[in-house]
Amino acid sequence: MPPIHECENGSDIFKIRTIYIWQRRLWWPDLAIPINPSVDFIAPMKRSVRPLYSILLLIVFAITISCRILIRRAAGGNDVGFFSSIELETNVIVSPPVPVFNSTLLKYAAIDIGETQGKQEIEQLLEGNFASQGRYRTFATWRKFNHHDVRASSSRAIPVMLRSPQFYRYWLDFRRVLHDWARKKRYQPDIMNNLIGLVKNPIDASNGLVGLNNKYGSCAVVGNSGILLQKDYGKLIDGHEIVIRLNNARTERFEQFVGSKTNISFINSNILHLCARRQGCFCHPYGIDVPMVMYICQPMHFLDYTICNSSHKAPLIVTDPRFDVLCARIVKYYSLKRFAERTGKALDEWGSAHDGAMFHYSSGFQAVMLAVAICDRVSIFGFGKSNLTKHHYHTNQKGELGLHDYEAEYDFYSDLVNVPRLIPFVSDKFKFPPVVIYH
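Under our numbering, the first residue of the sequence shown is numbered 1224, with each subsequent residue one higher.
Listed below in structure tokens is the structure:
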């Protein structure tokens, strides 16, 4: 036991214990019990100032060691808990656990039920066998360049179809773009990181902005749901740097609710097919300078694209098929998951419930996916439904299309806002931006 010294000041006697720490002699007044507490003992306290500082240093040192031990134990255990966000060492932060996806859902979501039929259709079109595509015979683009000559008939007295020279010129371009599109149609998880170069940069170049490889600051994706008429979001929407609208939904007379600004028009190829019937293939409700981004619903629509693209002043961009495949898998995953949870049936029965070969994501879903790839912040308007409103704010349509699973897409939007790391098929290298949904 360390020696005990006594110091006397008048009638006050203190017992001071000496301890040794780090080869330094310190005085610890742990037994400083005054014999006569009624007498003033200020003088002894003056000589104990340095020991008090030492005590404080010891306390700080002990607390620091204890905290490090607790942090290391918590980080090494199964329950990371509170310490998951605390920096343990320089530039070393415990990351959140990697999500584990249902392998069966991933397997079924990766199956394209209509893939075989689609490949056969593409092969026939590349061979120039348009007549085999019976449902295409009524296409306006088909009738523009073909007519039956009743004066020239075959041996069976069937009028011969004559094709104009202009048709062959367009057909060569059609064949080239269709071949390139079909060749690239595959799953590529990191395609999201390429969309700036595939979509944003061509749009910027058309506006004279060359060399920019950054994202837009803020983007608003405006859907067509009737719930838009319940809130005055017009000014808020127009306040974004980029406004993306869907399928040529008009804004006239609805500016108070949906705004008037449009920077990108996102459509499906059925919209362009309708535009192809018009003189000059006019498809610019937001102005001829507004670029259009389009995903292909049917391979034959590339003929519409080939003809209309030559008349467009602003870019007419077809979404990369690798992006299409990614979107298809994500939506099918959420649809399968919802089907299994709600019905309890086997996943093999999903196709009959959703017309598997025709099942497809909505235009709004892919527009949102595009926005999160090219924008730093994303706001979503007009997604959702209500029994008190129309299906679309600008039409009288009340029902939903059977080939879409909107409820599954709503589940996706929930994960996108709250826990984007739970979204399957997207590369870990892609970082989702903040997303807000306005209801």
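Here a beta-carbon is modelled for each residue, glycine too, at the ideal position from N, C-alpha and C.
Original post:
By the 10 Å Cβ neighbour count, where 16 or more other Cβ atoms means buried, how is residue 1428 classified, buried or exposed?
Top reply: Exposed.
Original post:
Shortest alpha-carbon distance to residue 1401 belongs to which of 1347, 1660, 1410?
Top reply: With distances taken between Cα atoms, residue 1401 lies closest to 1347.
Original post:
Mapping DSSP to helix, strand and coil, what is residue 1415?
Top reply: Correct three-state label for residue 1415: helix.
Original post:
Out of curiosity, what's the CA-to-CA distance linking residue 1553 and residue 1440?
Top reply: The alpha-carbon separation between residue 1553 and residue 1440 amounts to approximately 26 Å.
Original post:
Is residue 1503 near residue 1533, with beta carbons less than 8 Å apart?
Top reply: Not closer than 8 Å, so no.
**OP:** Report the three-state DSSP secondary structure of residue 1460 (helix, strand or coil).
**Re:** In the structure shown, residue 1460 adopts helical secondary structure according to DSSP, grouped into three states.
Original post:
In chain order, which continuous runs of the beta strand (DSSP E) of length 3 or greater are located wholly inside the stretch 1513-1592?
Top reply: Counting only runs of 3 or more, we get 1515-1518, 1539-1541.
**OP:** May I have the straight-line CA-CA distance separating residue 1511 from residue 1484, to the nearest angstrom?
**Re:** Cα to Cα, residue 1511 sits roughly 14 Å from residue 1484.
**OP:** Could you tell me which residues DSSP pairs with residue 1442 in its beta bridges?
**Re:** Looking at the DSSP assignment, residue 1442 forms a beta bridge with 1465, 1601.
Original post:
For the alpha helix (DSSP H) that residue 1424 lies in, which residues bound it at each end?
Top reply: From DSSP, the alpha helix (DSSP H) with residue 1424 extends over 1424-1429.
**OP:** Report yes or no: do the stretch 1389-1409 and the stretch 1537-1549 share at least 3 C-beta pairs separated by less than 8 Å?
**Re:** With a cut-off of 8 Å, the stretch 1537-1549 and the stretch 1389-1409 count as touching, because enough Cβ pairs lie within range.
Original post:
How about residue 1550 and residue 1584: are their beta carbons less than 8 Å apart?
Top reply: The Cβ-Cβ distance between residue 1550 and residue 1584 falls below 8 Å.
Original post:
Using the rule of at least 16 other Cβ atoms within 10 Å of the residue's Cβ for burial, across every protein chain shown, is residue 1279 buried or exposed?
Top reply: Around the C-beta of residue 1279, fewer than 16 other C-beta atoms lie within 10 Å, and the residue is accordingly described as exposed.
Original post:
Who pairs with residue 1488 in a beta bridge, going by DSSP?
Top reply: DSSP lists 1468, 1515 as partners of residue 1488.
Original post:
Once you ignore the five residues that flank residue 1631 on each side, which residues in its own chain have a CB closer than 7 Å to its CB?
Top reply: Beyond the five residues adjoining it in sequence on each side, residue 1631 comes within less than 7 Å, by CB distance, of 1554, 1557, 1558, 1561 in the same chain, given in chain order.
Original post:
In angstroms, rounded to a whole number, what distance separates the CA positions of residue 1613 and residue 1587?
Top reply: One alpha carbon belongs to residue 1613, the other to residue 1587, and they sit about 17 Å apart.
**OP:** Would you mind sorting residue 1527 into buried or exposed? The rule is 16 or more other CB atoms within 10 Å of its CB.
**Re:** With 16 or more other Cβ atoms from the protein chains shown falling within 10 Å of its own Cβ, residue 1527 counts as buried.
**OP:** Check each candidate in 1352, 1341, 1609, 1603 and name the one with the smallest Cα separation from residue 1635.
**Re:** A check of alpha carbon separations from residue 1635 across 1352, 1341, 1609, 1603 identifies 1603 as the nearest.
Original post:
If you pair each beta-carbon of the stretch 1389-1398 with each one of the stretch 1569-1576, do three or more pairs fall below 8 Å?
Top reply: With the cut-off at 8 Å, the stretch 1389-1398 and the stretch 1569-1576 do not touch.
**OP:** Could you work out which residue in 1437, 1506, 1405 is closest to residue 1418 when comparing CA atoms only?
**Re:** For residue 1418, the closest alpha carbon among the candidates 1437, 1506, 1405 is that of 1437.
Subject >> 7 Å CB neighbourhood of residue 1461 in its chain, flanking five on each side removed >> reply: So the list reads 1482, 1483, 1484, once near-sequence residues are dropped.
Subject >> Residues of its chain near residue 1332, where Cβ-Cβ distance is below 7 Å and the 5 sequence neighbours each way are ignored >> reply: 1552, 1555, 1556, 1559.
Original post:
Buried or exposed: where does residue 1620 fall if 16 or more other Cβ atoms within 10 Å of its Cβ makes it buried?
Top reply: Residue 1620 should be labelled exposed.
Original post:
Which partner residues does residue 1448 have in the DSSP bridge list?
Top reply: According to DSSP, residue 1448 shares a beta bridge with 1615.
Subject >> Beta bridge counterpart(s) of residue 1659 as assigned by DSSP >> reply: Answer by DSSP bridge pairing, in chain order: 1602.
**OP:** Could you pull out every residue in the same chain whose Cβ sits closer than 7 Å to the Cβ of residue 1645, ignoring the five residues on either side in sequence?
**Re:** Cβ within range, chain order: 1322, 1638.
Original post:
Quick one: what does DSSP say residue 1481 is sitting in, helix, strand or coil?
Top reply: Helix, per DSSP.
Original post:
Could you give the distance in angstroms between the alpha-carbon of residue 1517 and the alpha-carbon of residue 1470?
Top reply: The alpha-carbon atoms of residue 1517 and residue 1470 are separated by roughly 9 Å.
Original post:
Using the rule of at least 16 other Cβ atoms within 10 Å of the residue's Cβ for burial, across every protein chain shown, is residue 1589 buried or exposed?
Top reply: Residue 1589 comes out buried.
**OP:** Express the C-alpha separation of residue 1467 and residue 1600 in angstroms, rounding to a whole number.
**Re:** In a straight line, the C-alpha of residue 1600 is about 13 Å away from that of residue 1467.
Original post:
Alpha carbon to alpha carbon, how far is residue 1450 from residue 1661?
Top reply: The C-alpha of residue 1450 lies about 10 Å from the C-alpha of residue 1661.
Subject >> Own chain, CB closer than 7 Å to residue 1245, minus 5 neighbours either side, in chain order >> reply: Low per-residue confidence applies at residue 1245: pLDDT is 40, beneath 50, and the placement is therefore not dependable enough to give any value.
Original post:
Which residues bound the alpha helix (DSSP H) around residue 1321?
Top reply: Per DSSP, residue 1321 belongs to no alpha helix (DSSP H) and is neither H nor E.
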